[in-house]
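In the numbering used here, the protein residues as written are 317 to 517.
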């Protein structure tokens, strides 16, 4: 990790009294994640769902750590209904706004660690990072290293809670995802959190 430039963030955060923030994205369609369930011996449970259509729920999340403070989960999500001309994912402005919101809520400098998603590397995002270098330091994970990102564990928990959910529509799926994220963010046995989620149409 150190050779990949990841471990350097720890000393950078300590020197600046900064939060280490790990960011990642995920999405969920109407096709539910498979999960364990009860069933009669010798009969595999079958969950019927309406998996057709191009709509999905997109999520962007940050897990935040600083020595002496409780960890936090900050997230954003939105519904994409597959309409003509509708964006299919988060734009660079959405990530910018999420970073600014995290800075406001954490009340301290941030060392942001994320992957090399194309949107993260756009010139506009690089310009934003450079303009805010007094409180924002950005590091990148090595390619194909999801196991290094603790935010991946959050997505795993979210998908576990909605496993086998046969949602009737995207609205119902969005409510289930939001409820799962809220439950994780307010679980005081592990962390405290703040969140922001754009309203869906």
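Even for Gly, the Cβ is constructed at its ideal location relative to N, Cα and C.
9 Å Cβ cutoff met for residue i and residue j
i	j	result
residue 376	residue 475	no
residue 381	residue 374	no
residue 436	residue 426	no
residue 501	residue 411	no
residue 428	residue 452	yes
residue 486	residue 359	no
residue 378	residue 346	no
residue 497	residue 406	no
C-alpha gap between residue i and residue j, whole angstroms
i	j	result
residue 323	residue 457	Per-residue confidence for residue 323 stands at a pLDDT of 48, beneath the threshold of 50, marking its modelled position as unreliable; no derived number is given.
residue 446	residue 434	17 Å
residue 432	residue 465	13 Å
residue 339	residue 430	5 Å
residue 384	residue 333	10 Å
residue 424	residue 335	7 Å
residue 395	residue 478	16 Å
residue 400	residue 371	11 Å
residue 489	residue 472	16 Å
residue 422	residue 484	37 Å
residue 470	residue 329	22 Å
residue 521	residue 499	Residue 521 falls outside the range modelled here, since the chain spans only 317 to 517, and no answer is possible.
Residues sharing a beta bridge with residue i, DSSP
i	result
residue 344	373
residue 335	426
residue 396	372
residue 438	Paired residue(s): none; residue 438 is not in a bridge.
residue 391	377
Secondary structure of residue i, DSSP reduced to three states
i	result
residue 386	coil
residue 449	coil
residue 306	In the structure as shown, the chain starts at 317 and stops at 517, and residue 306 therefore has no counterpart that could be examined.
residue 514	Caution applies to residue 514, whose pLDDT of 40 falls short of 50 and renders its modelled position unreliable; the value that the coordinates give is listed next. Coil at residue 514, not helix or strand.
residue 357	coil
residue 509	Confidence is the limiting factor: at residue 509 the pLDDT is only 41, short of 50, which leaves the residue's position unreliable, though a coordinate-based value still follows. In this structure, residue 509 counts as coil in the three-state DSSP scheme.
residue 457	coil
residue 444	helix
residue 323	The pLDDT assigned to residue 323 is 48, lower than 50, so where the model puts this residue is not dependable, and the model offers no usable value.
residue 317	Only weak support is given to the placement of residue 317: the predicted model assigns it a pLDDT of 43, under 50, and the value that follows is read from those uncertain coordinates. Residue state, collapsed to three classes: coil.
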